[in-house]
Amino acid sequence: MLKMRLRPEEIAALNLRELYEEHNYLFFRMSRFEEYDFYAGKKDFLTSKSILTFTDINGKLMALRPDVTLSIIKHAKNSDGIQKFYYDEKVYRVHKNSNSFREISQTGIECIGNLTDENINEVVELAILSLRTLAEGRKYILDISHAGMIAELLNESENRNEILKLLSEKNIHGLKNINAPEKIIELAKIQGNNDIENLKCFEPIIKTLRKYKNEINIDFSNINNLNYYNGIIFRGYIEGIPESILSGGEYDNLMRLMGNKNSKAIGFAVYLDEVRK
Amino acid sequence: MINIALPKGRLGEKVYKLFAASGYEFPEILDNNRKLIFENQELNLRCFWVKPFDVPVYVERGAADIGAAGKDILLERNPDVYELLDLKTGFCRMAVAAKNDFVDDPEKVLRVATEFPNISQNYYSSLGREIDIITLRGSLELAPVLGLSDVIVDIVETGTTLKQNNLKVLNFITDLSARLIANKSAYKFKSEKINEIIRRLNP
Chain S
1 MLKMRLRPEE IAALNLRELY EEHNYLFFRM SRFEEYDFYA GKKDFLTSKS
51 ILTFTDINGK LMALRPDVTL SIIKHAKNSD GIQKFYYDEK VYRVHKNSNS
101 FREISQTGIE CIGNLTDENI NEVVELAILS LRTLAEGRKY ILDISHAGMI
151 AELLNESENR NEILKLLSEK NIHGLKNINA PEKIIELAKI QGNNDIENLK
201 CFEPIIKTLR KYKNEINIDF SNINNLNYYN GIIFRGYIEG IPESILSGGE
251 YDNLMRLMGN KNSKAIGFAV YLDEVRK
Chain G
1001 MINIALPKGR LGEKVYKLFA ASGYEFPEIL DNNRKLIFEN QELNLRCFWV
1051 KPFDVPVYVE RGAADIGAAG KDILLERNPD VYELLDLKTG FCRMAVAAKN
1101 DFVDDPEKVL RVATEFPNIS QNYYSSLGRE IDIITLRGSL ELAPVLGLSD
1151 VIVDIVETGT TLKQNNLKVL NFITDLSARL IANKSAYKFK SEKINEIIRR
1201 LNP
């Protein structure tokens, strides 16, 4: 009865929470704001550089949370083991097209600590299962890429930003025009699932890639934020929804910045507002 | 069904001819009528004319799966789409032009009239030059003649219009042509059909 009164994106969020509970992820609830200083040094890790701020009663500058991951890492207890969290929260970001702040619903998981390949595989599998849950019979696909591999190939290039932009557009004629390295052009051409066995960077998750062969698409035009991600990155699409609705990857760099030198991390977020459109 | 957004006007007609020559024909499309949407049921394609400047919007937001847009418009709007093919038609260049007797004073803020404020800003930022942008919607050549601006940033095809108004090209910013763009999500699910279109357009 209750479910009947819920909006589609609320039902979707509940279905996802059920999925993450089944896999022993713990629900993580957090405050909607943090001290502004917390974000100031970490802007490279934020999708939108603008942060909505206000002054607290004691004069401290506060920020409405633009991102969940940073807060989870901050508040998670420093422990040696593996911690698995899921969340269902709002974040506040500048929307690309409207030039004003928006409240965005975000559900997702983070897996941090002494991760093994087993954990990485589980998160990629959960990303696929999340898409399956949301797709409700429609086709869906998880684009998989590797930030470390792209960064390594770009190290030698001077016009790094230009190459990255063209790669993200699958702009092969543009890459050829600026004489981009041949290896980058090869990377830009890869699509589908024929290459999963040949790409060394995907070895740790080969088990999952084989299992879900028809639901994945190797695609290095998926670059996302190379400051944030250092390993596997992925992005999920559902047929009929014009924007990606799931995005995530391995972000050990962020753990290092937050002082957890030996920790690894992987996670993803689902943008439920896109489901409803 | 693949939805195709074509830019209304001269460039769009050139692009349509490429489509037609590759076997993608839409009856009635070149007739002088007011219809906006055309279907080829046999090939399961639908195509529509939109304002050239709007093509990236239709594609980015998924109303069209693919579209043809001038590189000038892509550079100006910077949409989040795939750029899959240079259609090698509608060649022209983005250029800076000024009156024949114009002498630049690097200490002054340069007044730039243009239909492409983002392209202009990016170009002059890369040179470290401070500019004052005057956004206009056409008849750019008037601006320097009337003293509204020092220079213009505009598309130059043959240069005849510039010459007739006693203007000259100072610098070329970039080469332009029509490009085939695709919605990122649509390309995931219709890549086979879209790749087939690309193969046929790109002999």
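Protein chains in written order, with the numbering used here: chain S, 1 to 277; chain G, 1001 to 1203.
Where a beta carbon is used, it is the ideal one built from N, C-alpha and C, also for glycine.
| query | Secondary structure at Glu-18 of chain S, three-state DSSP: helix, strand or coil? | reply | Helix, per DSSP.
| field | Sheet register partners of Asn-217 of chain S (DSSP bridge) | value | Beta-bridge partners assigned by DSSP to Asn-217 of chain S: S:Asp-143.
| task | Just list the beta strand (DSSP E) runs in the stretch 181 to 225 of chain S, keeping only unbroken ones of 3 residues or longer that don't cross its boundaries, in chain order. | result | Every beta strand (DSSP E) of 3 residues or more that sits fully in the stretch 181 to 225 of chain S is shown, in chain order, as 216 to 218.
| field | Amino acids of chain C, ordered along the chain, whose beta-carbon sits closer than 8 Å to that of Ser-244 of chain S | value | Absent from the structure is chain C; the protein chains it does hold are S and G.
| message | Could you give the first and the last residue of the continuous beta strand (DSSP E) run that contains Tyr-278 of chain S? | response | Chain S is shown from 1 up to 277; residue 278 of chain S falls before or after that span and cannot be answered.
| request: Measuring only between beta-carbons, confirm whether Phe-1053 of chain G sits less than 7 Å from chain S. | output: Interface flag for Phe-1053 of chain G against chain S is unset, since no Cβ pair is found closer than 7 Å.
| Does the separation of the CB atoms of Thr-1095 of chain G and Phe-1172 of chain G fall below 7 Å? | First, the amino acid is wrong: residue 1095 of chain G is Ala here, not Thr. When the beta-carbon positions are compared, Ala-1095 of chain G and Phe-1172 of chain G come within less than 7 Å of each other.
| Closest Cα partner of Ala-1182 of chain G within the set G:Lys-1035, G:Leu-1075, G:Pro-1007 and G:Tyr-1058 | Among G:Lys-1035, G:Leu-1075, G:Pro-1007 and G:Tyr-1058, the Cα nearest to that of Ala-1182 of chain G belongs to G:Tyr-1058.
| said: Just checking: is the beta-carbon of Phe-1189 of chain G within a distance shorter than 7 Å of some beta-carbon in chain S? | reply: Taking Cβ atoms only, chain S reaches closer than 7 Å to Phe-1189 of chain G, which makes this a yes.
| Rounded to a whole number of angstroms, what is the C-alpha to C-alpha distance between Gly-1147 of chain G and Leu-1170 of chain G? | Each residue's Cα considered, the two are about 17 Å apart.
| Between the stretch 181 to 199 of chain S and the stretch 211 to 230 of chain S, do three or more beta carbon pairs fall short of 8 Å? | Yes, since at least three Cβ pairs between the stretch 181 to 199 of chain S and the stretch 211 to 230 of chain S fall closer than 8 Å, the two stretches touch.
| request: Decide if Asn-281 of chain S is buried, meaning its Cβ has at least 16 other Cβ atoms within 10 Å, or exposed. | output: Chain S is shown from 1 up to 277; residue 281 of chain S falls before or after that span and cannot be answered.
| message | Comparing C-alpha positions only, which one of S:Val-123, S:Leu-226, S:Tyr-86 and S:Ile-178 sits nearest to Asp-44 of chain S? | response | Out of S:Val-123, S:Leu-226, S:Tyr-86 and S:Ile-178, S:Leu-226 has the C-alpha closest to the C-alpha of Asp-44 of chain S.
| query | Tell me which same chain residues have a C-beta within less than 7 Å of the C-beta of Leu-16 of chain S, skipping the five on either side of it? | reply | Thr-107, Ser-130, Thr-133 and Val-270, listed in sequence order.
| field | Distance, Ser-1185 of chain G Cα to Glu-215 of chain S Cα | value | In a straight line, the C-alpha of Glu-215 of chain S is about 14 Å away from that of Ser-1185 of chain G.
| said: Does the contact criterion of 3 or more C-beta pairs under 8 Å hold for the stretch 1002 to 1009 of chain G versus the stretch 163 to 179 of chain S? | reply: Touching, no.
| said: Just to confirm my understanding: we take Ile-206 of chain S, look at its own chain, exclude 5 residues before and 5 after, and list those with CB closer than 8 Å. What are they? | reply: Once the five neighbours on either side are set aside, the close Cβ partners of Ile-206 of chain S are Ile-196 and Glu-197.
| query | Just the Cα atoms here: how many angstroms apart are Leu-1074 of chain G and Glu-1083 of chain G? | reply | Distance between the alpha carbons of Leu-1074 of chain G and Glu-1083 of chain G is about 9 Å.
| task | Kindly provide the ranges of any beta strand (DSSP E) runs that are 3 or more residues long and lie completely inside the stretch 239 to 275 of chain S, ordered along the chain. | result | Fully enclosed beta strand (DSSP E) runs of no fewer than 3 residues occupy 246 to 250 and 264 to 271 of the stretch 239 to 275 of chain S, in order along the chain.
| For Asn-1202 of chain G, three-class secondary structure by DSSP | Asn-1202 of chain G carries a coil assignment under DSSP once its states are collapsed to helix, strand and coil.
| Buried versus exposed, by CB contacts within 10 Å (16 or more), Phe-1139 of chain G | Here the sequence assigns Ser to residue 1139 of chain G, which means Phe is not the residue at that position. Ser-1139 of chain G is classed as exposed because its beta carbon has fewer than 16 other beta carbons within 10 Å across all chains shown.
| request: For the beta strand (DSSP E) holding Val-1103 of chain G, just list the boundary residues, first then last. | output: That residue, Val-1103 of chain G, is in no beta strand (DSSP E); it is neither H nor E in DSSP.
| Thinking C-beta only, is Ser-1022 of chain G closer than 7 Å to Leu-1136 of chain G? | Leu-1136 of chain G places its beta carbon 7 Å or farther from that of Ser-1022 of chain G.
| query | Any idea if Gln-83 of chain S is buried or exposed, counting beta-carbon neighbours within 10 angstroms, 16 or more meaning buried? | reply | Counting every other CB atom within 10 Å of its CB across the protein chains shown gives Gln-83 of chain S a total of 16 or more, marking it as buried.
| field | Residues that Glu-215 of chain S contacts on chain G, provided the C-beta gap is smaller than 8 Å | value | Here the premise fails: no neighbours, minimum Cβ distance about 11 Å.
| message | Run through chain G and tell me which residues come within less than 7 Å of Asn-58 of chain S, C-beta to C-beta. | response | Chain G residues near Asn-58 of chain S: none, gap ~40 Å exceeds 7 Å.
| query | What is the DSSP secondary structure of Val-1169 of chain G, reduced to helix, strand or coil? | reply | For Val-1169 of chain G, the three-state secondary structure derived from DSSP is strand.
| Status (buried if at least 16 other CB within 10 Å, exposed otherwise) for Ala-1020 of chain G | Ala-1020 of chain G comes out exposed.
| message | Please tell me whether Tyr-39 of chain S and Ala-76 of chain S are closer than 7 Å, where the distance is taken between their beta carbons. | response | Not a contact, by the Cβ cut-off of 7 Å.
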